[in-house]
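Since the structure comes first, as structure tokens, the remarks are kept for the end.
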Amino acid sequence: MLRACQLTKTFGGLSVLQEASIDFHPGEVHALMGENGAGKSTLLKMLAGLYQPNGGSIEWRGQSVRFQSPHDALSQGIAMVHQELMPIPDLNVAENLLLGMEPVNVLGWVDRAELHRQAQSWLKQLNTDLDTHQPMRRLSVAQIQVVEIAKALARQADVILMDEPTAALSDHEVTALFSAINTLRQRGVAVVYTTHKMDEVFRLADRISVLRDGQLVCTKAAIEFSPESLIAHMVGRELAQVFPPITTTPGDIILEVRGLTREPSFRDISFTLRRGEVLGLAGLMGAGRTEVVSAVFGLTPATSGEILLQGVPTRITCPAEAIAAGIGMVTEDRKGLGIVPAMSVEHNLTLAALPQFSRSALLDAAAERCATQTATTDFAIKASSPQQAIRELSGGNQQKVLLARALLNRPAILILDEPTRGIDIGAKAEIYALIGRLSAQGTAVLLVSSELPEILSLTHRILVLRQGKLSAELDPRQTNQEEILRHAMPQ
Amino acid sequence: MNAARPSLDRNFLNRFGILIALIALALVLSVTTDSFASASNLTNVARQVSINGILAVAVTFVLLTGGVDLSLGSVVALSGVVCALFAHPGEYPLVVPISMGLITGALCGLLNGVLVTWGGIAPFIVTLGMMTMARGLALIFSSGKPVADMTPSLTNLAGDWGPLPIPVLCFAFVALLAWLFLGRFRLGRHLYAVGGNEQAARAAGVSVTKVKIFAYGICGLLTGLAGVVLAARITTGQPNAGQAYELDAIAAVVIGGTSLSGGVGSIRGTILGVLLIGIINNGLDLQGVSSYYQAVIKGLIIVGAVWLDRRQSRS
Chain Z
107 MLRACQLTKT
117 FGGLSVLQEA
127 SIDFHPGEVH
137 ALMGENGAGK
147 STLLKMLAGL
157 YQPNGGSIEW
167 RGQSVRFQSP
177 HDALSQGIAM
187 VHQELMPIPD
197 LNVAENLLLG
207 MEPVNVLGWV
217 DRAELHRQAQ
227 SWLKQLNTDL
237 DTHQPMRRLS
247 VAQIQVVEIA
257 KALARQADVI
267 LMDEPTAALS
277 DHEVTALFSA
287 INTLRQRGVA
297 VVYTTHKMDE
307 VFRLADRISV
317 LRDGQLVCTK
327 AAIEFSPESL
337 IAHMVGRELA
347 QVFPPITTTP
357 GDIILEVRGL
367 TREPSFRDIS
377 FTLRRGEVLG
387 LAGLMGAGRT
397 EVVSAVFGLT
407 PATSGEILLQ
417 GVPTRITCPA
427 EAIAAGIGMV
437 TEDRKGLGIV
447 PAMSVEHNLT
457 LAALPQFSRS
467 ALLDAAAERC
477 ATQTATTDFA
487 IKASSPQQAI
497 RELSGGNQQK
507 VLLARALLNR
517 PAILILDEPT
527 RGIDIGAKAE
537 IYALIGRLSA
547 QGTAVLLVSS
557 ELPEILSLTH
567 RILVLRQGKL
577 SAELDPRQTN
587 QEEILRHAMP
597 Q
Chain Y
34 MNAARPSLDR
44 NFLNRFGILI
54 ALIALALVLS
64 VTTDSFASAS
74 NLTNVARQVS
84 INGILAVAVT
94 FVLLTGGVDL
104 SLGSVVALSG
114 VVCALFAHPG
124 EYPLVVPISM
134 GLITGALCGL
144 LNGVLVTWGG
154 IAPFIVTLGM
164 MTMARGLALI
174 FSSGKPVADM
184 TPSLTNLAGD
194 WGPLPIPVLC
204 FAFVALLAWL
214 FLGRFRLGRH
224 LYAVGGNEQA
234 ARAAGVSVTK
244 VKIFAYGICG
254 LLTGLAGVVL
264 AARITTGQPN
274 AGQAYELDAI
284 AAVVIGGTSL
294 SGGVGSIRGT
304 ILGVLLIGII
314 NNGLDLQGVS
324 SYYQAVIKGL
334 IIVGAVWLDR
344 RQSRS
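Protein sequence lines, in the order shown, are assigned to chains Z and Y. Just so you know, we're using this note's numbering here: the first sequence kicks off at 107 and counts up by one. Just so you know, we're using this note's numbering here: the second sequence kicks off at 34 and counts up by one.
Below, the structure is given as structure tokens:
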């Protein structure tokens with residue numbers, strides 16, 4: 107039905123996609139897989155009319171077409187659900203869903219009753235039962251996504267393109283999204299989507315196309331792939347061991363948290379962390395994991411409870427105090443709480459450790475240069491120069507800079523909140539190896555992750571949070587994803 | 034490698050665009066007028082830009098944090114009045130009126146900083162309030178009349194030191210210190226970090242409150258200096274002096290490539306912006322353009338410079 111023929115796209119002389127040819131069929135879920143920068147999003151955006159190809163063509167129902175704009179593509183029946191969703195927060199669900207195509211009565215007024223009736227019927231087709239009167243801002247990311255999909259349906263879309271639809275979703279939200287996608291498949295809609303998550307792709311996709319460095323590697327039915335062969339296709343080499351084995355034995359208790367509370371996010375959280383230990387914090391989105399570790403780091407201090415460092419009660423009211431006490435953190439919100447976008451790689455790297463690079467208040471540029479060189483080599487950071495602005499780097503490389511930043515202070519305790527979100531497999535493997543090395547050196551690591559395989563393979567111990575409370579402490583060698591989920595699900 | 038070429042050229046334009054404009058303008062003026070390139074005219078231009086220059090450097094600190102200071106002009110008047118009140122002949126040694134002017138400016142700046150950080154009020158509002166309040170205080174302290182009868186040792190500060198006007202030396206000294214500070218000091222780096230991403234700076238252990246109060250404080254202190262220099266030059270403490278000075282200063286900083294949203298900018302750019310505005314003013318004067326038209330042209334240049342800058346950084 108929709109066919110990409112030798113599609114090519116270049117940006118400023120750099121080719122991001124070369125002669126990719128893929129057929130998309132009605133009633134089929136087609137996954138595009140590949141590392142960051144492989145060209146998946148670029149391909150989607152050309153199909154959606156956001157980018158114009160530099161070469162090749164798009165065939166739609168047997169005819170060669172050129173989409174000048176997303177609106178152009180949409181009028182032909184191709185809709186895109188964006189990675190960064192764009193609802194109008196103060197309009198309600200029905201108004202957002204039927205924006206620009208509101209039913210009107212004879213006087214030209216919007217017919218409210220009819221508006222809600224239509225919106226509900228579209229949502230019902232996706233097996234969702236949302237109150238169409240509530241404002242968009244109250245919805246969860248998953249619910250917003252469902253509304254966006256319904257919006258595409260309402261515009262008679264035959265092809266729906268989705269760029270990383272599950273990146274920000276927790277597991278049960280993913281399930282809801284998948285049932286919506288299954289409904290689309292039954293209705294004969296072609297769904298094309300990109301993802302980094304290996305387990306999902308096998309649950310959902312009928313066919314998989316793998317891209318690597320701007321080239322189409324292969325397109326095959328999902329059942330012809332195994333997770334290992336898929337990874338091998340994506341990275342172009344066998345990743346014998348993505349997860350390094352955990353070998354260290356934890357030492358003395360370095361951090362103890364007693365009765366930490368901050369309503370309404372979390373209450374009565376108590377746990378210990380030992381030197382060299384990797385402690386996993388699992389839970390659904392909104393269970394309070396980020397809030398708990400943010401309290402330990404002083405980003406949003408707890409209202410009651412105690413934090414003991416090496417047995418000594420310590421008050422941590424801001425990140426500066428946490429850093430001084432030997433705690434480092436890489437936050438989940440890379441853009442908001444991590445990078446200073448306009449600053450150079452070098453200045454971003456040294457930001458948290460400037461006292462190391464100064465004599466009195468004066469900065470020592472040579473020492474900074476030297477540390478940057480060491481970090482770029484150690485962490486394999488790909489930047490054109492230390493002076494390059496960090497916003498120009500890929501997500502994985504930004505993440506490595508932030509990890510290197512946290513480690514410059516040689517923290518005894520390192521908090522990692524979703525350290526591998528949105529980065530490619532190569533960079534993930536490097537971060538896993540780093541966690542192993544840190545643990546072997548005696549650093550205590552507190553790891554928050556939504557990817558259960560990560561938590562299961564990398565940690566010594568797993569804590570599960572449910573609705574702001576600790577619900578279980580598990581041994582990763584004697585548990586599995588199902589058990590963790592059972593403790594994480596609200597009851 | 035070919036792909037790197039255009040971006041290199043663009044960087045070149047970004048870095049040196051204003052400098053090229055400045056040199057081109059100076060060349061045109063040297064050819065088309067007899068007097069532009071003369072030593073006396075150039076000294077005159079330098080003298081004219083020095084007060085705006087000090088204020089532009091001052092407000093660069095605040096703009097880098099993503100804030101704004103609208104109170105510059107009023108604080109210039111207030112510090113000038115306070116300085117003049119302590120500058121009657123034979124009363125105090127020279128250091129007292131100068132310090133009183135500087136302290137007045139610094140206090141206004143610190144108050145701005147405290148209200149912005151602890152008070153959590155938008156910088157636009159806080160400094161708008163300070164603009165009105167400082168003007169009122171200047172009128173109260175001077176009883177609404179110019180404070181005259183200043184000791185010659187102070188008014189001599191508007192004169193020359195060797196071949197160079199003292200106000201120009203002040204500007205040069207302030208600019209040099211600010212340049213060193215922003216480039217070489219920890220707190221200078223923190224200033225860029227806070228302006229570039231306040232939350233990320235905090236998470237990296239930077240005390241955002243301290244940095245901001247410092248920026249407004251330094252801005253106030255330098256504004257006080259500008260007030261003292263102005264009082265020396267006009268030999269009175271004028272409660273109505275400095276109207277709209279903040280706008281000229283902000284215009285120069287913005288022409289120099291500093292982003293109003295913070296985190297991007299440099300003292301080098303600010304100096305070039307100050308010189309560009311000064312030379313354009315001087316050139317229009319020399320060409321006999323009426324001051325009405327001068328205002329229109331200046332407005333166009335401000336918008337045009339920023340438009341070009343944005344277009345470059347977007348492409």
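Note that CB positions come from ideal geometry on N, CA and C, so glycine has one too. Note that the structure is a prediction, hence the values are computed from the model and not measured.
Per DSSP, which residues does residue i bridge with? Please list them.
i, result
"Z/M435", "Z/I521"
"Z/Q321", "Z/Q124, Z/R318"
"Z/G161", "Z/T114"
"Z/R313", "Z/H136, Z/A327"
"Z/N198", "Z/P241"
"Z/D269", "Z/T300"
"Z/E362", "Z/T378, Z/L414"
When you compare only the Cα positions, how much space is there between residue i and residue j?
i, j, result
"Z/I337", "Z/T325", "14 angstroms"
"Z/I531", "Z/G501", "12 angstroms"
"Z/L385", "Z/R395", "13 angstroms"
"Z/R475", "Z/T456", "10 angstroms"
"Z/A481", "Z/E270", "30 angstroms"
"Y/I51", "Z/S491", "25 angstroms"
"Z/A594", "Z/P559", "15 angstroms"
"Z/E330", "Z/A546", "39 angstroms"
"Z/E306", "Z/Q587", "14 angstroms"
"Y/F94", "Y/Y249", "7 angstroms"
"Y/A351", "Z/T483", "No answer is possible for residue 351 of chain Y: it lies beyond the span of chain Y, which begins at 34 and ends at 348."
"Z/L322", "Z/A401", "45 angstroms"
"Z/P350", "Z/L553", "15 angstroms"
"Z/L197", "Z/P241", "5 angstroms"
"Z/V247", "Z/V551", "29 angstroms"
"Y/L60", "Y/I84", "25 angstroms"
"Z/E392", "Z/N503", "Before going on, a small fix: residue 392 of chain Z reads as Gly here, not Glu. Going from the Cα of Z/G392 to the Cα of Z/N503 covers about 27 angstroms."
"Z/V216", "Z/A179", "27 angstroms"
"Y/P272", "Y/L140", "18 angstroms"
For residue i versus residue j, is the C-beta distance shorter than 8 angstroms?
i, j, result
"Z/A467", "Y/F218", "yes"
"Z/E165", "Z/R313", "no"
"Y/P130", "Y/L187", "yes"
"Z/P407", "Z/I422", "yes"
"Z/G357", "Z/G382", "yes"
"Z/R368", "Z/T420", "no"
"Z/L317", "Z/G140", "yes"
"Z/L520", "Z/L499", "no"
"Y/L161", "Y/L210", "no"
"Z/L569", "Z/E579", "yes"
"Z/L229", "Z/L236", "yes"
"Z/F372", "Z/G574", "yes"
"Z/V363", "Z/G417", "no"
"Z/V451", "Z/A486", "no"
"Y/G146", "Y/V115", "no"
Which same chain residues, not among the five before or five after residue i, have their C-beta less than 7 angstroms away from its C-beta?
i, result
"Z/I266", "A185, V187, I255, A258, L290, V295, V297"
"Z/R583", "none"
"Z/G404", "I422, T423, C424, P425, E427, A428"
Leaving out five residues before and five after residue i in sequence, what residues of the same chain have Cβ atoms less than 6 angstroms from its Cβ?
i, result
"Z/Q112", "E125, S127, G162"
"Z/E344", "Reliability fails at Z/E344, whose pLDDT of 48 lies under 50, so the model's placement of it is uncertain and the value that follows must be treated cautiously. The answer, listed in chain order, is A338."
"Y/V227", "T98, A234, V241, V244"
"Y/G229", "G296"
Within a Cβ cutoff of 8 angstroms, which residues of the same chain sit near residue i, ignoring the five residues on either side of it in sequence?
i, result
"Z/L469", "L460, F463"
"Y/M34", "With a pLDDT of 33 at Y/M34, under the threshold of 50, the modelled position of this residue cannot be trusted, and the question is left open."
"Z/V446", "H453, N454, L457, I496"
Stretch-stretch touch, CB-based, cutoff 8 angstroms, three pairs: the stretch 232-247 of chain Y with the stretch 70-82 of chain Y: The stretch 232-247 of chain Y makes no contact with the stretch 70-82 of chain Y: fewer than 3 CB pairs, one atom from each, lie closer than 8 angstroms.
The stretch 284-299 of chain Y / the stretch 96-107 of chain Y touching (three or more Cβ pairs under 8 angstroms): These segments touch.
Stretch pair the stretch 276-289 of chain Y + the stretch 119-130 of chain Y: three plus CB contacts closer than 8 angstroms: Contact fails: fewer than three Cβ-Cβ distances are below 8 angstroms.
Cβ pair count under 8 angstroms reaching 3, the stretch 81-95 of chain Y against the stretch 307-326 of chain Y: The stretch 81-95 of chain Y makes contact with the stretch 307-326 of chain Y; the number of CB pairs closer than 8 angstroms reaches 3 or more.
Contact the stretch 263-270 of chain Y vs the stretch 162-170 of chain Y: 3+ CB pairs below 8 angstroms: Too few Cβ pairs lie closer than 8 angstroms, so no.
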